[in-house]
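Trainee: One structure coming up, written as structure tokens, with questions to follow.
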Amino acid sequence: MRNRATRFLIPIVAAGLLAAACTSGGTPTPAPGASAPAAPAPAAEGGAFPRNETLYTSGTQWGPPANFNPIREWDSATGTKGLVYETLFHFDPVAGKLTPWLAASGAWVDDTTYEVKLRPNITWSDGKPFTAEDVKFTFELGKMETIPYHNLWNWLSAVEAPDASTVKFTFSKANYQQWDFNIYSRSIVPKHIWEGRSEKDVLDGINENPVGTGAYKYHSHDQDRVAWVKNDTWWGKAQLNLDPKPKYIVDIVNSSNEVAMGLLLQKGLDLSNNFLPGAANLVKGPFGISTFYPEPPYMLSANTAWLVPNTTKKPLNDAAFRKALATSVDVKKIVEGVYGNLVKPASPTGLLPQWDQFVDQAVVGQKGFAFDTAKAKQMLADAGYKDGNGDGLVENKDGSPIALKLIVPAGWTDWMEAIRVIATGAKAAGINVEAEFPDYNALVEARNTGKFDLVINNERQLSNSPYTYFEYVFQLPVQDQQNTVNFGRYENEEAWKLVQQLDGTKTDDIEGMKKVASQLEGIMLDEMPVIPLWYNGLWSQVSSSVWKNWPSSEGSAPKSAPTMWRNWLELGGFESLAALQPVAP
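Put into structure tokens, the structure is as follows:
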């Protein structure tokens with residue numbers, strides 16, 4: 046995990062960044078011999094956790110649990126947000142709608158006022174009542190400059206709690222898309238415990254023994270795991286008709302994919318959210334292991350992997366060159382050869398499958414691209430790029446050599462293989478691209494400061510709206526340090542105004558959203574500020590040896606997301622856990 050605080054540019058970024066950092070297709074693989082043996086089950090009061098009462102998970106934490114601070118959505122212990130701390134709403138990506146959670150309801154009462162009614166009879170795990178003052182306090186923490194959702198206060202004017210069950214948010218400007226994201230993303234914390242904490246403690250505090258409203262409470266942790274115990278007085282059993290069956294949830298620190306594979310096969314792991322090469326063989330074998338789909342791509346789609354060009358450097362500052370580069374990429378070879386069909390090729394727009402209704406197929410048909418080496422060569426020639434010295438590689442228009450470096454982190458083996466495919470395809474079309482594998486921290490520094498040529502990135506996850514995707518691509522102004530968005534430093538005022546127009550479109554105005562999205566897709570396909578490659582999978586392999594009724598595309602099984610990834614428990618992950626049933630001994 047990347048255990049460092051990051052200043053975020055907008056409130057929605059924390060969730061996207063952290064999920065991407067923890068769940069990217071580029072999964073670190075340790076050096077040979079580095080794999081640690083599977084750790085023994087942790088101890089509980091009275092002995093080891095009873096296996097038939099314990100859900101073992103893995104795939105988010107790559108180091109010892111750093112903290113239990115829900116404000117730190119990027120490195121808090123898995124389950125801090127979602128199991129212990131809860132949000133006002135959840136978002137159902139299948140139905141495409143918000144689901145009331147701590148809130149009983151929420152609505153815009155006028156163009157700039159949103160009112161939330163809270164559910165009654167909710168208590169914190171220490172027995173204190175949960176009230177509107179807790180919600181007001183939580184959102185007002187965002188006034189502190191270092192808090193991830195600080196920029197919310199650029200357009201949020203005030204939060205009021207006129208009574209114990211009502212919260213009124215008043216805005217100077219209604220950014221409907223961002224607001225829906227915020228109301229299912231912000232963990233609500235107890236005012237009576239957090240009040241008086243310094244800004245540094247709010248952001249960086251470990252928050253030991255967390256007190257939340259959720260279905261689980263803190264039990265214990267060690268260097269290699271964190272354990273949660275069921276909150277028997279959880280309000281959701283009566284009000285949501287959800288009653289999670291595991292008494293304990295133990296999340297194992299993932300020292301390597303090999304360890305995860307071993308635990309899964311030994312029935313010591315129930316849910317693996319790791320990228321496991323060869324998952325198809327696990328599903329087809331006699332191991333009692335399954336994935337969401339029984340056939341390729343096996344996994345739900347979680348985010349888009351893009352090839353990001355640095356548009357401040359020639360020839361990557363030329364849209365015609367970028368389009369030729371896009372046409373040289375054999376994505377099918379990556380999907381089949383690198384991933385074994387565990388991922389899907391991306392649409393030319395890059396919008397995730399869950400957002401298909403917002404893809405203007407007429408625009409794609411007119412302006413889309415596909416792999417074609419001969420066409421890529423012709424596009425380069427038509428744009429004025431020639432091979433002057435006969436080495437098979439084109440030069441810049443001024444005759445200077447082109448030597449582009451494409452980077453992904455060392456150890457991210459799937460991405461390493463993918464960029465080798467990209468570099469080979471580029472050279473076949475006449476573009477000199479070399480694959481390089483810097484240390485992760487060195488890559489982040491180069492990427493964020495614009496000292497790179499080409500990089501693979503998948504920073505944004507599935508969300509309530511394609512707004513989050515377009516905002517990632519087009520956000521302005523470009524800063525000296527771009528920490529989370531627009532790494533390619535692409536500047537297009539028209540596109541950014543359209544993104545803001547989409548943000549100001551009500552989330553139930555689907556036709557209005559489609560109209561703006563169509564215009565943005567046209568600009569994307571004309572300009573290629575990023576090149577969509579494939580849809581990274583929501584890696585999830587489950588064992589039915591101890592728990593059953595896992596989410597599946599088949600039959601009457603739940604259709605929610607089978608994952609413990611950070612910031613996904615509000616996107617169906619919790620509902621998946623709550624639907625589990627014990628397997629009879």
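Taken in order, the sequence shown gives residues 46 to 630; the numbers are from the numbering used here. A virtual CB, placed ideally from N, CA and C, is assigned to each residue, including glycine. Since the structure is predicted, the reported quantities are computational estimates derived from the model, not experimental observations.
#1: In terms of residue numbering, what span does the beta strand (DSSP E) encompassing alanine 206 cover?
#2: Figure out for me which residue from Gln524, Leu308, Ala419 has the closest Cα to the Cα of serine 631.
#3: Tell me the residue span of the alpha helix (DSSP H) that contains tyrosine 229.
#4: Can you tell me the Cα-Cα spacing of alanine 421 and serine 445, whole angstroms?
#5: Please name the residue in Gly333, Asp375, Val298 whose C-alpha comes closest to that of alanine 111.
#6: By DSSP, does proline 398 sit in helix, in strand, or in coil?
#7: Would you tell me roughly how many angstroms separate the C-alpha atoms of glutamine 411 and phenylalanine 403, rounded to the nearest one?
#8: Expressed to the nearest angstrom, what Euclidean distance is found between the alpha-carbon atoms of asparagine 503 and tyrosine 512?
#9: If we define contact as Cβ-Cβ less than 9 Å, is threonine 99 a contact residue for chain B?
#10: Helix or strand or just coil, what does DSSP make of asparagine 502?
#11: Since proline 574 and tyrosine 514 are thought to touch, with beta carbons under 8 Å apart, how far apart are those beta carbons, to the nearest angstrom?
#12: Taking only runs of the beta strand (DSSP E) that begin and end inside the stretch 242-268, which ones reach a length of at least 3 residues, in chain order?
#13: Nearest-angstrom Cα distance between proline 109 and serine 121?
#14: Note down, one range per segment and in chain order, each alpha helix (DSSP H) of at least 4 residues found wholly within the stretch 366-432.
#15: My assumption, with CB atoms under 8 Å, is that asparagine 326 sits in contact with glycine 495. Please give the rounded CB distance.
#16: If you draw a straight line from the alpha carbon of valine 274 to that of serine 597, how long is it in whole angstroms?
#17: Looking only at its own chain, which residues have a Cβ that is under 6 Å from the Cβ of alanine 206, when we skip the five neighbours before and after it?
#18: If you draw a straight line from the alpha carbon of serine 317 to that of leucine 387, how long is it in whole angstroms?
#19: Rounded to the nearest angstrom, what separates proline 630 and proline 138 at their Cα positions?
#20: At the level of alpha carbons, what is the spacing between glycine 413 and alanine 369?
#21: I'd like the span of the beta strand (DSSP E) that includes asparagine 581, first residue to last.
#22: Tell me the residue span of the alpha helix (DSSP H) that contains arginine 492.
#23: For tyrosine 517, report the span of its alpha helix (DSSP H) as first-last.
#24: Between the beta-carbon of glutamate 490 and the beta-carbon of lysine 450, is there less than 9 Å?
#25: So, at 6 Å on beta carbons, what are the nonlocal neighbours of glutamine 564 in its own chain, with the 5 sequence-adjacent residues on each side left out?
#26: Is glycine 475 buried or exposed, if buried means 16 or more other CB atoms sit within 10 Å of its CB?
#27: What residues are listed by DSSP as bridge partners for leucine 451?
#28: By how many angstroms is the C-alpha of asparagine 348 removed from the C-alpha of leucine 507?
#29: Counting C-beta neighbours from all protein chains within 10 Å, is the total for aspartate 548 16 or more, i.e. buried, or is it exposed?
#30: For glycine 549, which residues does DSSP report across the bridge?
#31: Once DSSP output is grouped into helix, strand and coil, what is the label at asparagine 196?
#32: Should glycine 124 be labelled buried (16 or more other beta-carbon atoms within 10 Å of its own) or exposed?
#33: Within the present structure, is the beta-carbon of tyrosine 514 separated from the nearest heavy atom of the ligand HEM by less than 8 Å?
#34: Would you mind giving the Cβ-Cβ distance between alanine 419 and leucine 578, rounded to the nearest angstrom? I have them listed as a contact below 8 Å.
#35: Output the boundary residues of the alpha helix (DSSP H) element that contains aspartate 571.
#36: Using C-beta distances below 6 Å, list every residue in its chain close to alanine 305, excluding the 5 sequence neighbours before and after it, in chain order.
Mentor: On the basis of the data shown:
#1: The sequence position of residue 206 within the sequence shown is 161, counting from 1. Per DSSP, alanine 206 belongs to the beta strand (DSSP E) from 201-208.
#2: Residue 631 cannot be examined here, being either before or after the span of the chain that is shown, 46 to 630.
#3: Position 184 of the sequence shown, counted from the start, is the residue given in the question as residue 229. Residues 221-230.
#4: Here residue 421 refers to the residue found at position 376 when the sequence shown is read from its first residue. Here residue 445 refers to the residue found at position 400 when the sequence shown is read from its first residue. Computed Cα separation, rounded: 20 Å.
#5: The count along the sequence shown starts at 1 and reaches residue 111 at position 66. Among Gly333, Asp375, Val298, the Cα nearest to that of alanine 111 belongs to Val298.
#6: Residue mapping note: residue 398 aligns to position 353 of the sequence shown, counting from 1. Note: proline 398 maps to helix in three-state DSSP.
#7: Looking up residue 411 in the sequence shown gives position 366. Looking up residue 403 in the sequence shown gives position 358. About 16 Å.
#8: Along the sequence shown, one-based indexing puts residue 503 at 458. Along the sequence shown, one-based indexing puts residue 512 at 467. Whole-angstrom Cα-Cα distance: 15 Å.
#9: This model lacks chain B altogether, as it is built from one protein chain only.
#10: If you number the sequence shown from 1, residue 502 lands on position 457. Assignment of asparagine 502 by DSSP, reduced to helix, strand and coil, places it in the strand class.
#11: The sequence position of residue 574 within the sequence shown is 529, counting from 1. The sequence position of residue 514 within the sequence shown is 469, counting from 1. Cβ atoms of proline 574 and tyrosine 514 stay farther apart than 8 Å, at about 12 Å.
#12: Every beta strand (DSSP E) of 3 residues or more that sits fully in the stretch 242-268 is shown, in chain order, as 261-267.
#13: The sequence position of residue 109 within the sequence shown is 64, counting from 1. The sequence position of residue 121 within the sequence shown is 76, counting from 1. When only Cα atoms are considered, proline 109 and serine 121 end up about 10 Å apart.
#14: Counting whole runs of 4 or more residues, the stretch 366-432 contains the alpha helix (DSSP H) stretches 406-412, 418-427.
#15: In the sequence shown, the residue the question calls residue 326 occupies position 281. In the sequence shown, the residue the question calls residue 495 occupies position 450. The beta-carbon separation of asparagine 326 and glycine 495, rounded to 42 Å, does not stay under the 8 Å limit for a contact.
#16: Numbered from its first residue, the sequence shown carries residue 274 at position 229. Numbered from its first residue, the sequence shown carries residue 597 at position 552. Cα to Cα, the separation comes out at about 26 Å.
#17: Here residue 206 refers to the residue found at position 161 when the sequence shown is read from its first residue. Only Ala177, Glu178, Lys181, Val212 meet the Cβ criterion.
#18: Along the sequence shown, one-based indexing puts residue 317 at 272. Along the sequence shown, one-based indexing puts residue 387 at 342. Rounded to whole angstroms, serine 317 to leucine 387 spans 15 Å at the Cα level.
#19: Residue mapping note: residue 630 aligns to position 585 of the sequence shown, counting from 1. Residue mapping note: residue 138 aligns to position 93 of the sequence shown, counting from 1. Taking the straight line from one Cα to the other gives about 34 Å.
#20: Against the sequence shown, residue 413 aligns to sequence position 368. Against the sequence shown, residue 369 aligns to sequence position 324. The alpha-carbon separation between glycine 413 and alanine 369 amounts to approximately 12 Å.
#21: For this step, residue 581 is matched to residue 536 along the sequence shown. DSSP places asparagine 581 in the uninterrupted beta strand (DSSP E) bounded by 576-582.
#22: One-based indexing of the sequence shown puts residue 492 at position 447. 485-494 is the extent of the alpha helix (DSSP H) around arginine 492.
#23: Against the sequence shown, residue 517 aligns to sequence position 472. Element bounds for tyrosine 517: 512-519.
#24: Along the sequence shown, one-based indexing puts residue 490 at 445. Along the sequence shown, one-based indexing puts residue 450 at 405. No, the pair does not count as a contact, with Cβ atoms beyond the cut-off.
#25: Mapped onto the sequence shown, residue 564 falls at position 519. The residues are Leu543.
#26: For the purposes of this step, residue 475 is taken as the residue at position 430 of the sequence shown. Buried, because 16 or more other Cβ atoms sit within 10 Å of the Cβ of glycine 475.
#27: Taking the first residue of the sequence shown as 1, we reach residue 451 at position 406. For leucine 451, which the question treats as bridged, DSSP gives the partners Ala480, Leu499.
#28: As a first step, residue 507 is located in the sequence shown; it is residue number 462 there, counting from the start. As a first step, residue 348 is located in the sequence shown; it is residue number 303 there, counting from the start. When rounded, the distance between both Cα atoms is 6 Å.
#29: By 1-based counting over the sequence shown, the position of residue 548 is 503. That one is buried.
#30: On the sequence shown, residue 549 is found 504 positions in, with the first residue counted as 1. The beta-bridge partner set that DSSP reports for glycine 549 is empty.
#31: Taking the first residue of the sequence shown as 1, we reach residue 196 at position 151. For asparagine 196, the three-state secondary structure derived from DSSP is helix.
#32: Within the sequence shown, numbered from 1, the residue matching residue 124 stands at position 79. So glycine 124 counts as buried.
#33: Summarising the ligand content, the structure contains no ligands, and the ligand HEM is consequently not present.
#34: Your numbering for residue 419 matches position 374 in the sequence shown. Your numbering for residue 578 matches position 533 in the sequence shown. Incorrect: roughly 20 Å between the Cβ atoms, too far for contact.
#35: One-based indexing of the sequence shown puts residue 571 at position 526. It spans 555-572 - the alpha helix (DSSP H) in which aspartate 571 sits, taken as one unbroken run.
#36: On the sequence shown, residue 305 is found 260 positions in, with the first residue counted as 1. Answer for alanine 305: Ser103, Asn299, Ser317, Asn319, listed in chain order.
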